[in-house]
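K.L.:
I have a structure I would like to understand better, so I am pasting it below and will then ask my questions one at a time.
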Amino acid sequence: MEKILYLAHTQPDGTLPKIAFEVLSAALELTQKLSGATLSAGLIGGDVQTAANAIAGAGAAKILGVAGPDFASSRYASDAEALQVLIRQSGATLVIAPATSRFSRAMPGAAYRLNGRTDTHVSGFETDGGKLSIQRWYYRQRMMATMTRTTRPWILLMDSGVFQPWQGKTGTASVELVPVALTEKAKRTQVLGFQAPAVSQQTIRPDAELLFVAGAGWTKKQSDGQTHVKEAEQLILDFLAKTQASLGSSKSLVDQSTEGAAVLSCLSHLNQVGQTGSTPRHPKGLATCCHGEEPHVVGWRFINERRAVNLDPNCGWAQGKADVLYVADAFQVMKKVNELAGKECVVQAK
Amino acid sequence: MSSGFHIVVCGSLVPDPLQTLEPIAGPAGPALKNEMMLPSVLDPWAAHALYEAAHLAKTAAGSKVWLVSLGPKAKLQQLMMTIAQKAPFELVVVDGSASGFTDPFEAAAALASAIEKIPGLDRSRLLVFGGCASASRDASVTMQMIGEQLGIADQFLGVDELTVQPSGAFKVLERIEGGQYQASECAGAPAVLAWATGNLPEPPNNPQVGMANMRGIMPALQKAQPAKVGAEGVTFAKVELPQQKRETRIVKDVPVEEIAKEIITWIKG
């Protein structure tokens, strides 16, 4: 029988991020499907009571917590130690946790200290015959494996957007606080805070309905033999303002900033999607001026509805990958789209 | 930082991203069709780590860079023909599987053991660099486990910027959710930094650097230690390519206004 531990960490305001509720749904489903399995929860943060109250109605047998100033922010040494202590204290054989940047950094260290194993980017599971198998991608979302492990504890970091967020009742939870002693060695790193990349404005919106992907074609010479980078940037930013879309970019476009070519100042490497970028999940995606084959197209692997604007009808970004390909000049199309959209937002964020 | 850093970059080969990949069932688990024949490149994020290491070594006097690679040595030899011209480094080869289907725990153990054996490595000045994930396993796990085996408590994942101060302390920018960075300050080496793309372009080929590197590369390949890297305790039920070819509707020779209207309707819907 598996002993399942659901783990989450708080945000700076003490609440849980959306992905934590998604993974709670996964933990509950897993507990239900694995005969005889039990579920506990573990929380990490400066103060975990608000978070514990938010999941009070989920039915975890107990809620463990590691709290205090040392655990308010995301630091490898303190997080890995806290995670190790929570997993050990719970006696968990299976651990299920959100693949946040914080847990992605620290969980492998905890797994190592427990002589356990961890799998990341988990995007689904099966429980045939009472045995857990997980699904995860390999080779940058180019192939999907279904696999299982015998080693315990087995720690799963779940990707976002796979499960619906749990929406049960809140309450007043009883948290069993677990002490974690940190050595001075574990405090050599101080978190200073957060900062935005050096771009003209923030354009990455993970919760947006629409992903707008800009390709390198925006900065190439147009039909008049000239580049129109400023105009391209204005068209894109106008569109983002009207649609509240998130901005993604092909590798070739963001690489131009390090190659001395004309660039869109609203872009950084953080916008990059694809083989060496992110693979965001949005309901819709509109790709413009993108070129490339399979490795780059993984950038919109998890986009449900896809459309593209491109001058090439055989464009690898679109043929067989998009639902609709508009063979047209993206400058003209996006200018007209912005005009028709008027001044108001046409889409609200989720 | 008067004495500089000892920078160990962990990076191996992955199939050239432009190659078609097809999973097959191998004798020891899943593998890629024609895996030994596929052209390889240095894992992209690890390559960024190597460029950042070379840049740091240039600016911090007394620094040295090692590249520790786990992979079939015959394929590593081919890869070094191009990588050797990019940045000065001393190669350490661990002769084993570079398959994405091996377990990061086992890969980390092999790499950490190789690092521990590097002659003259000053662990108090050690910075272990690597990619934030490989383009094969894509787990974002291996670097942390290497750090654990080496007893390194300060670790960073998704690094885009490292700024070293005169005291040897350094500031790090790590990628986090929502297109933001987390800024941290670390008291100094030793530390593990798993890089995202960083801010440096790919260096141009430098034949002089290549010649200097090659003097050490062939002996390193000859001295390669074999390592058994697999996936103990893992059973793969299946590995398959996603079958989701879409029927793309091509809209051509249509006025821009009509296209724009259709896009707006679609976005609103």
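Going down the list, the protein sequences come from chains A and B. At position 335 of the first sequence the residue is numbered 335 (this note's numbering), and the sequence of numbers has no breaks. When you read off a place in the second sequence, starting at 1, and then add 350, the result is the number in this note's numbering. Cβ atoms here follow ideal geometry from the backbone N, Cα and C, with glycine treated the same way. In this text, all values refer to a predicted model and were calculated from it rather than measured experimentally.
#1: Quick one: list the residues of chain A neighbouring tryptophan 616/B, beta-carbon separation under 7 Å, in chain order.
#2: Listed in chain order, which residues of the region 586–602 of chain B have Cβ atoms closer than 7 Å to some Cβ of chain A?
#3: Mind listing which residues of the region 528–547 of chain B have their C-beta closer than 9 Å to chain A's C-betas, in chain order?
#4: Can you list, in chain order, the residues of its chain with a C-beta nearer than 6 Å to that of phenylalanine 21/A? Leave out the 5 residues immediately preceding and following it.
#5: Quick check on threonine 276/A - is its C-beta less than 9 Å from some C-beta in chain B?
#6: Could you spell out where the beta strand (DSSP E) holding asparagine 304/A opens and where it closes?
#7: Name, please, each residue of chain A whose Cβ falls closer than 7 Å to the Cβ of valine 491/B.
#8: Count the other CB atoms within 10 Å of the CB of asparagine 310/A; is the residue buried (16 or more) or exposed (fewer)?
#9: May I have the straight-line CA-CA distance separating leucine 43/A from glycine 130/A, to the nearest angstrom?
#10: Would you identify the three-state DSSP class for leucine 16/A, choosing helix, strand or coil?
#11: Ordered along the chain, which non-local residues of its own chain (more than five positions away) have a Cβ less than 8 Å from that of phenylalanine 239/A?
#12: Leaving out the 5 sequence neighbours to the left and right, which residues in its chain are closer than 6 Å to alanine 635/B when beta-carbon positions are compared?
#13: For methionine 143/A, which residues from the same chain have a beta carbon less than 8 Å from its beta carbon, with the 5 sequence-adjacent residues on both sides left out?
#14: Rounded to the nearest angstrom, what separates glycine 480/B and alanine 544/B at their Cα positions?
#15: DSSP state of alanine 485/B, grouped into three classes?
#16: In chain A, which residues lie less than 8 Å from arginine 487/B when you measure between Cβ atoms?
#17: Grouping DSSP H, G and I as helix and E and B as strand, with all else coil, what is serine 386/B?
#18: Measuring only the C-alpha atoms, how far is isoleucine 55/A from proline 551/B?
#19: Which of the three DSSP states, helix, strand or coil, is assigned to valine 175/A?
#20: Compile a chain-ordered list of the residues in the region 439–459 of chain B whose CB is closer than 9 Å to at least one CB of chain A.
#21: The region 309–334 of chain A: which residues have C-beta closer than 9 Å to a C-beta of chain B, in chain order?
#22: What does tryptophan 395/B reach in chain A if we use C-beta pairs closer than 8 Å?
#23: Below 8 Å, can you find three or more Cβ-Cβ pairs linking the region 353–372 of chain B to the region 118–133 of chain A?
#24: What's the C-alpha gap between glutamine 11/A and lysine 18/A?
#25: Inspect the beta-carbon positions of leucine 270/A and leucine 210/A and report whether they are closer than 9 Å.
#26: Checking contacts by CB at 9 Å: is leucine 340/A closer than that to chain B?
#27: Aspartate 510/B and leucine 500/B look like a contact to me (Cβ under 8 Å); what is the Cβ gap, rounded to whole Å?
#28: Write down every uninterrupted run of the alpha helix (DSSP H) in the region 373–446 of chain B whose length is 4 residues or greater and which is fully enclosed by it, in chain order.
#29: Could you tell me the distance, in whole angstroms, from the CA atom of serine 104/A to the CA atom of cysteine 289/A?
#30: By alpha-carbon positions, which one of Gln427/B, Gln532/B, Ala581/B ends up nearest to proline 389/B?
#31: Rounded to whole angstroms, how far is the Cβ of glycine 274/A from the Cβ of lysine 251/A, which I believe are closer than 8 Å?
#32: Taking three-plus beta-carbon pairs below 8 Å as touching, is the region 111–129 of chain A in contact with the region 465–478 of chain B?
P.N.:
Short version:
#1: Simply Arg307.
#2: Across the region 586–602 of chain B, CB contacts with chain A closer than 7 Å involve Phe586, Ala587, Lys588, Val589, Glu590, Leu591, Pro592, Lys595, Arg596, Thr598, Arg599, Ile600, Val601, Lys602, in sequence order along the chain.
#3: So the close ones are Gly528, Gly529, Gln530, Tyr531, Gln532, Ala533, Ser534, Glu535, Cys536, Ala537, Gly538, Ala541, Val542, Ala544, Ala546, Thr547.
#4: Setting aside the 5 residues that flank it on each side, phenylalanine 21/A is surrounded in the same chain by Pro165, Trp166, each with a C-beta closer than 6 Å to its C-beta; the list follows chain order.
#5: True, the Cβ-Cβ gap to chain B drops below 9 Å.
#6: Segment 303–310, the beta strand (DSSP E) holding asparagine 304/A.
#7: Ordered by position in chain A, the residues that pass the 7 Å Cβ test against valine 491/B are Pro108, Thr118, Thr120.
#8: Asparagine 310/A sits buried, since 16 or more C-beta atoms from the chains shown fall within 10 Å of its C-beta.
#9: Rounded to the nearest angstrom, the gap between the Cα atoms of leucine 43/A and glycine 130/A is 27 Å.
#10: Reduced to three states, the DSSP call for leucine 16/A is coil.
#11: Taking phenylalanine 239/A as the centre and dropping the five residues before and after it, the same chain places the C-beta of Phe212, Ala245, Met334, Val337, Asn338, Ala341 closer than 8 Å to its C-beta, in chain order.
#12: Not covered by the structure: residue 635/B. The range shown for chain B is 351 to 619.
#13: The residues are Trp137.
#14: When the Cα atoms are used, glycine 480/B and alanine 544/B turn out to be separated by approximately 5 Å.
#15: Note: alanine 485/B maps to coil in three-state DSSP.
#16: At a C-beta separation below 8 Å, arginine 487/B has these neighbours in chain A: Tyr138.
#17: The amino acid occupying residue 386/B in the given sequence is methionine; serine does not appear at that position. Residue state for methionine 386/B is assigned as helix, using DSSP reduced to three classes.
#18: Their backbone Cα atoms lie some 46 Å apart in a straight line.
#19: In the three-state DSSP reduction, valine 175/A falls in the strand class (E or B).
#20: Within the region 439–459 of chain B, the qualifying residues are Gly450, Phe451, Asp453, Pro454, Phe455, Ala458.
#21: Answer set for the region 309–334 of chain A: Val309, Pro313, Ala318, Gln319, Gly320, Lys321, Ala322, Asp323, Val324, Leu325, Tyr326, Val327, Ala328, Asp329, Gln332, Val333, Met334.
#22: Those within 8 Å of tryptophan 395/B in chain A are Thr276.
#23: Not touching, per the Cβ criterion.
#24: One Cα belongs to glutamine 11/A, the other to lysine 18/A, and the distance between them is close to 10 Å.
#25: For leucine 270/A and leucine 210/A, no; Cβs fall outside 9 Å.
#26: It does: the Cβ of leucine 340/A has a partner Cβ on chain B nearer than 9 Å.
#27: 23 Å between Cβ atoms; not a contact.
#28: Those alpha helix (DSSP H) runs which fall completely within the region 373–446 of chain B and span 4+ residues are 394–409, 423–433.
#29: Looking at the two C-alpha atoms, the distance is approximately 33 Å.
#30: If you compare the alpha carbons of Gln427/B, Gln532/B, Ala581/B with that of proline 389/B, the shortest gap goes to Gln427/B.
#31: Correct: roughly 6 Å between the Cβ atoms.
#32: The region 111–129 of chain A vs the region 465–478 of chain B: no contact.
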